[in-house]
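Residue numbers (full-length UniProt numbering): 1 to 204.
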């Protein structure tokens with residue numbers, strides 16, 4: 001409980017004030033420039049996942065009003081300064097990178113998607129839904145599990161959001177997510193039926 005309390009307090013601290021320290025984390029999470037950008041971006045995405053609540057229990061994900069307002073503002077400001085224009089564009093760009101970055105991206109989305117504004121951003125991008133529901137997207141165990149956990153979080157947030165889930169426009173997305181959750185995290189290859197092998201007699 002003490003650790004959880006410290007984590008929540010730390011997240012609130014990083015998102016407090018008129019110029020929150022989390023600004024640097026969010027900027028780095030979506031910055032693909034520079035020779036050392038991969039390691040910096042990877043660390044920032046994991047940090048943003050922690051700040052947004054990926055590791056916290058469901059009841060502790062949402063922070064206080066100031067922290068939540070700043071998180072929303074910083075993400076939209078970062079998006080507006082980029083060629084992606086929207087947070088959903090930033091999220092998609094992360095999921096289109098290499099496996100390490102994608103895994104960190106799944107964690108980030110898993111934390112953020114409990115927020116209605118983020119859920120709307122995710123549901124507005126069919127490409128994101130396609131990635132998180134496709135079991136062939138990842139080839140490693142950790143990647144498959146991260147993708148699946150992200151898919152489950154999106155599905156849960158969608159089913160719990162009356163304003164979104166009641167919209168017929170999202171019915172197809174909800175069904176696709178539900179099907180993907182039911183399939184489990186791992187890629188199940190279609191079983192190939194055994195074919196009889198006909199051997200011809202050797203001629204001497």
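Even for Gly, the Cβ is constructed at its ideal location relative to N, Cα and C.
(message) Closer than 8 Å is the cut-off here; do at least three beta carbon pairs connect the region 71-80 with the region 19-38?
(response) Contact between the region 71-80 and the region 19-38 is present: three or more C-beta pairs spanning the two stretches fall below 8 Å.
(message) Taking 6 Å as the limit between beta carbons, can you name the residues of its chain near residue 71, skipping five residues before and five after?
(response) Cβ neighbours of residue 71 beyond the five flanking positions: 15.
(message) Which same chain residues end up closer than 6 Å to residue 53 when comparing Cβ atoms and leaving out the 5 residues on each side of it in sequence?
(response) When the five nearest sequence neighbours on each side are left out, the beta carbons in the same chain lying within less than 6 Å of the beta carbon of residue 53 are those of 61, 111, in order along the chain.
(message) Please classify residue 95 as buried or exposed, where buried requires at least 16 neighbouring CB atoms within 10 angstroms.
(response) In the assembly as shown, residue 95 is a buried residue. Its beta-carbon has 16 or more other beta-carbons within 10 Å.
(message) One question on the structure: do residue 132 and residue 150 come within less than 9 Å of each other, judged by their Cβ atoms?
(response) Going by C-beta atoms, residue 132 is nearer than 9 Å to residue 150.
(message) If you reduce the DSSP assignment to three classes, tell me which class residue 134 lands in.
(response) Residue 134: coil per DSSP, three-state reduction.
(message) If I follow the unbroken alpha helix (DSSP H) through residue 103, where does it start and stop?
(response) Note, residue 103: alpha helix (DSSP H), 99-112.
(request) May I ask you to report which of helix, strand or coil DSSP gives residue 159? (result) In this structure, residue 159 counts as helix in the three-state DSSP scheme.
(message) On a Cα-Cα basis, can you pick out the residue from 129, 162, 85, 42 that is closest to residue 154?
(response) Here the closest residue by C-alpha is 129.
(message) Distance check for residue 82 and residue 113, CA to CA, integer angstroms please.
(response) Computed Cα separation, rounded: 21 Å.
(request) Kindly indicate which residue of 142, 134, 144, 79 has the alpha-carbon position closest to the one of residue 176. (result) Here the closest residue by C-alpha is 134.
(request) Please classify residue 21: does DSSP put it in a helix, a strand, or coil? (result) Coil, per DSSP.
(message) I'd like to know whether the C-beta atoms of residue 121 and residue 159 end up nearer to each other than 9 Å.
(response) Not a contact, by the Cβ cut-off of 9 Å.
(message) Considering only the alpha carbon of each residue, which of 98, 65, 19, 67 lies closest to residue 38?
(response) Of the listed residues, the one whose Cα sits closest to residue 38 is 98.
(message) Please state the DSSP three-state secondary structure of residue 187.
(response) Correct three-state label for residue 187: coil.
(message) Once DSSP output is grouped into helix, strand and coil, what is the label at residue 115?
(response) Three-state DSSP puts residue 115 in coil, outside helix and strand.
(message) Using the Cβ count rule (16 or more neighbours within 10 Å means buried), how would you classify residue 4?
(response) Below a pLDDT of 50, predicted positions are generally treated as unreliable, and residue 4, at 48, falls in that range; the measurement from the model is reported next regardless. Under this definition residue 4 is an exposed residue.
(message) In the DSSP assignment, the alpha helix (DSSP H) including residue 51 goes from what residue to what residue?
(response) Residue 51: member of the alpha helix (DSSP H) spanning 37-52, first to last residue.
(message) Whole angstroms are fine: how far does the CA of residue 107 sit from the CA of residue 185?
(response) Rounded to the nearest whole angstrom, the C-alpha separation of residue 185 and residue 107 is 15 Å.
(request) Assign residue 46 to one of two classes, buried (16 or more other C-beta atoms within 10 Å of its C-beta) or exposed (fewer than that). (result) In this structure residue 46 is buried. Its beta-carbon is surrounded by 16 or more other beta-carbon atoms within 10 angstroms.
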